[in-house]
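Let me begin by presenting the structure, written as structure tokens, before commenting on it.
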Amino acid sequence: MREATAIAHPNVALIKYWGKRDSAANLPAVGSLSIGLGALSTRTTVRFEPGAAADTVVLNGNELPAENSKVTLCLDMLRQIAGVDAGAVVTSANDFPTGAGLASSASGYAALVTAGAAALDLDLSSQQLSAIARTGSGSASRSLFGGFVLLRNDGDDTTCAPVLAPEEWPLAVVVAVTSDEPKAVSSRYGMEQSRLTSPYYRQWVDGHDADLEAGLRCVMERDFAGLAAVAEHSCLKMHAVMMATRPPLLYWSAATMACLDAVRALRGEGEEVFFTVDAGPQVKAVCTAAAIDRVAGTLQSVPGVLRVIVSHLGDGARLTDDHD
Ligand code: DP6
Numbered sequence: 003m004r005e006a007t008a009i010a011h012p013n014v015a016l017i018k019y020w021g022k023r024d025s026a027a028n029l030p031a032v033g034s035l036s037i038g039l040g041a042l043s044t045r046t047t048v049r050f051e052p053g054a055a056a057d058t059v060v061l062n063g064n065e066l067p068a069e070n071s072k073v074t075l076c077l078d079m080l081r082q083i084a085g086v087d088a089g090a091v092v093t094s095a096n097d098f099p100t101g102a103g104l105a106s107s108a109s110g111y112a113a114l115v116t117a118g119a120a121a122l123d124l125d126l127s128s129q130q131l132s133a134i135a136r137t138g139s140g141s142a143s144r145s146l147f148g149g150f151v152l153l154r155n156d157g158d159d160t161t162c163a164p165v166l167a168p169e170e171w172p173l174a175v176v177v178a179v180t181s182d183e184p185k186a187v188s189s190r191y192g193m194e195q196s197r198l199t200s201p202y203y204r205q206w207v208d209g210h211d212a213d214l215e216a217g218l219r220c221v222m223e224r225d226f227a228g229l230a231a232v233a234e235h236s237c238l239k240m241h242a243v244m245m246a247t248r249p250p251l252l253y254w255s256a257a258t259m260a261c262l263d264a265v266r267a268l269r270g271e272g273e274e275v276f277f278t279v280d281a282g283p284q285v286k287a288v289c290t291a292a293a294i295d296r297v298a299g300t301l302q303s304v305p306g307v308l309r310v311i312v313s314h315l316g317d318g319a320r321l322t323d324d325h326d
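Count along the sequence shown from 1, add 2, and you get the number used in my numbering.
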């Protein structure tokens, strides 16, 4: 047994996932379509220690409580395949705010399973790693792959696969960071509350396949205006479900709303840009390369925006020899 280090990028869904059909297996109620954020990274080292009874997880320099069960759940699946029962030391760091709606769990579990499998000398496909990462976090399934990634429900399972490589449609994402604070309500808890209490939840699930197919078609045809329309619709519909949850899930701040207005105004002036927002106050503006400077400059000057991060589309999770 040895140790291994992996890098993974967070991703942002253009057609959103919110809600589960099976909490125990972490099976999503709906599919999703995402792009990877290459400028943001998680780097994770996994070392199995013969004789260690439990896993130790250190995230951004802080040891997490021993019962961090989702990490252990993913490692248990790898240990079972390898026929090993040693505990692991997991050291992970993000170069962006953790738990603030920038999909740190996606890159985190993708890097974890990639490094963990390599440390156990397992030769698993990206699809197999993606399925294991899904048990840690649904969106993590997508971070195993680069570019545009489609996650579909498939019988009692999910399938996840890249649909376009980053260079096949080199869009960019300008992230407007409006808060570095961890979000008040986790996605996992929030989406279950939505399933139980939001009057719009059923309509969200029932209408979702049409959005997913429309989004996929726009990506395959490089139809920016079409993708902008369906992606903003999926985002706002998800937030409508969230807002109608009891107690309400209101992830937006005044700066979030001001960014949405700014993106819509830019599009009105002819720029190819659209917004999407996840379970946090940050705004991700997806745009063509030609629009990056104007979008970044505009969002930077919106009151309440702390900084902007410009990202190209990311590659999938991968091993690295660089341990720094
Ligand atoms: C709003 O993947 O974080 O970002 O599977 O419970 O870990 P769990 O949830 P998670 O939820 C992501 C929700 C979202 C939309 C999306 O990424 O599709």
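C-beta atoms are modelled at their ideal positions from N, C-alpha and C, and glycine is treated no differently. Remember, predicted model here, so these are calculated numbers, not experimental data.
Residue j beta carbon less than 8 Å from that of residue i
| i | j | result |
| --- | --- | --- |
| Ile-336 | Val-177 | Any question about residue 336 goes unanswered here, given that the chain covers just 3 to 326. |
| Gly-282 | Lys-185 | yes |
| Leu-75 | Asp-57 | no |
| Leu-153 | Val-221 | no |
| Ser-25 | Glu-194 | yes |
| Val-86 | Leu-122 | yes |
| Pro-172 | Leu-315 | yes |
| Ala-216 | Phe-276 | no |
| Ser-145 | Pro-250 | no |
| Leu-80 | Ala-119 | yes |
| Ala-108 | Arg-45 | no |
| Pro-201 | Ala-246 | yes |
| Thr-278 | Leu-16 | yes |
| Thr-161 | Thr-93 | no |
Member of the options whose CA lies at the smallest distance from the CA of residue i
| i | options | result |
| --- | --- | --- |
| Ala-112 | Thr-278, Pro-168, Ile-134 | Ile-134 |
| Arg-320 | Tyr-202, Val-73, Ser-132 | Ser-132 |
| Val-91 | Thr-7, Arg-309, Pro-168 | Thr-7 |
| Ala-27 | His-235, Ser-139, His-11 | Ser-139 |
| Asp-213 | Ser-200, Leu-238, Tyr-191, Pro-250 | Leu-238 |
| Ala-41 | Val-175, Ala-117, Gly-63, Ala-291 | Val-175 |
| Gly-110 | Arg-81, Gly-270, Asn-62, Gly-149 | Asn-62 |
| Arg-136 | Ala-216, Ala-117, Asp-159, Ala-120 | Asp-159 |
| Ala-291 | Ser-313, Phe-150, Thr-278 | Ser-313 |
| Leu-35 | Val-14, Trp-206, Phe-226, Pro-99 | Val-14 |
| Ser-188 | Asn-155, Thr-93, Lys-286, Asp-280 | Asp-280 |
| Glu-169 | Val-285, Asn-155, Glu-183, Phe-150 | Phe-150 |
| Ala-10 | Ala-227, Lys-18, Leu-114 | Leu-114 |
| Ser-106 | Ser-43, Val-59, Gly-148, Gln-82 | Ser-43 |
| Lys-22 | Ile-83, Met-244, Arg-190 | Arg-190 |
Burial state of residue i, where buried means 16 or more other Cβ atoms lie within 10 Å
| i | result |
| --- | --- |
| Gly-318 | buried |
| Arg-219 | exposed |
| Glu-234 | buried |
| Ala-142 | buried |
| Thr-300 | buried |
| Thr-116 | buried |
| Leu-268 | buried |
| Pro-99 | buried |
| Thr-199 | exposed |
| Arg-224 | exposed |
| Gly-270 | exposed |
| Arg-204 | exposed |
| Ala-256 | exposed |
| Ser-127 | exposed |
CA-to-CA distance, residue j to residue i, given in whole angstroms
| i | j | result |
| --- | --- | --- |
| Ala-163 | Asp-125 | 18 Å |
| Met-240 | Val-232 | 12 Å |
| Gly-306 | Thr-180 | 6 Å |
| Asp-295 | Ser-303 | 12 Å |
| Glu-5 | Gly-192 | 35 Å |
| Ala-242 | Leu-252 | 9 Å |
| Thr-258 | Phe-50 | 42 Å |
| Pro-30 | Trp-20 | 7 Å |
| Ala-293 | Val-265 | 11 Å |
| Ser-236 | Gly-53 | 48 Å |
| Val-32 | Ser-71 | 24 Å |
| Val-288 | Val-207 | 24 Å |
| Arg-309 | Gly-157 | 42 Å |
| Asp-182 | Gln-284 | 9 Å |
| Asp-347 | Ala-298 | An answer regarding residue 347 cannot be provided, because it is not within the stretch 3 to 326 covered by the chain. |
| Trp-254 | Ala-227 | 25 Å |
| Cys-196 | Gly-209 | The question names Cys, yet the displayed sequence has Ser at residue 196. Going from the Cα of Ser-196 to the Cα of Gly-209 covers about 16 Å. |
| Lys-18 | Gln-130 | 22 Å |
| Gly-148 | Ala-55 | 35 Å |
Practice problem: Ignoring anything shorter than 3 residues or poking outside the segment 52–130, list the beta strand (DSSP E) runs there in chain order. | Solution: 58–61, 89–96
Where are the beta strand (DSSP E) runs, 3 residues long or more, that stay fully inside the segment 149–211, in chain order? 150–156, 159–166, 174–179
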